[in-house]
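In my numbering, the protein residues as written are 897 to 994.
Don't be surprised by glycine CBs; every beta carbon is placed ideally from N, CA and C.
Bear in mind the structure is a predicted one, so any value in this text is a computation, not a measurement.
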C-alpha cells in the first residue's frame with residue numbers, strides 16, 4: 897500500500913478522485929460507475945485514463961447497483977459514487993421501517 901505524506905488540506909471529493917485514479921493505475925480490475933456526478937466527485941482523471949473501465953449510467957442509481965453486482969461476480973472491484981451509497985442505504989432503512 898502506498899503511503900502518503902500530508903502536504904495540504906483537500907476536500908473529501910478530491911481525495912476520492914485521487915484515490916480512484918491511483919487505484920486505477922495499480923489494479924486493472926478496478927472499475928468505476930457514476931450516476932452523472934463525474935465532475936462533482938472528481939472522477940474525471942479516472943475516466944480520462946481508463947475509459948474502458950468507467951461507466952456513466954446516468955440518473956439510474958438502482959440500475960447501477962445491478963450493474964455493480966454483475967461486475968463483482970465477474971471479478972471486478974467496484975467504486976461507486978459515495979453519494980449514491982448513502983441514498984441507497986437511506987432508502988433501504990426507510991423501506992425496512994415501513
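Best match in the options for proximity to residue i [C-alpha to C-alpha]
{"i": "residue 933", "options": "906, 954, 911", "result": "954"}
{"i": "residue 941", "options": "913, 974, 924", "result": "913"}
{"i": "residue 930", "options": "899, 968, 960, 910", "result": "960"}
Residue i to residue j span [Cα, whole Å]
{"i": "residue 944", "j": "residue 903", "result": "25 angstroms"}
{"i": "residue 925", "j": "residue 966", "result": "14 angstroms"}
{"i": "residue 994", "j": "residue 899", "result": "Bear in mind that the predicted position of residue 994 carries a pLDDT of just 43, short of 50, making it too unreliable to give a figure here."}
{"i": "residue 939", "j": "residue 916", "result": "7 angstroms"}
{"i": "residue 927", "j": "residue 962", "result": "14 angstroms"}
{"i": "residue 908", "j": "residue 937", "result": "9 angstroms"}
{"i": "residue 935", "j": "residue 923", "result": "23 angstroms"}
{"i": "residue 918", "j": "residue 968", "result": "20 angstroms"}
{"i": "residue 951", "j": "residue 905", "result": "29 angstroms"}
{"i": "residue 946", "j": "residue 911", "result": "18 angstroms"}
{"i": "residue 956", "j": "residue 976", "result": "13 angstroms"}
For residue i, the residue or residues it bridges with in DSSP
{"i": "residue 952", "result": "930"}
{"i": "residue 916", "result": "In DSSP, residue 916 forms no bridge with anything."}
{"i": "residue 973", "result": "926"}
Test item: CB-CB of residue i and residue j under 8 angstroms
{"i": "residue 964", "j": "residue 974", "result": "yes"}
{"i": "residue 949", "j": "residue 920", "result": "yes"}
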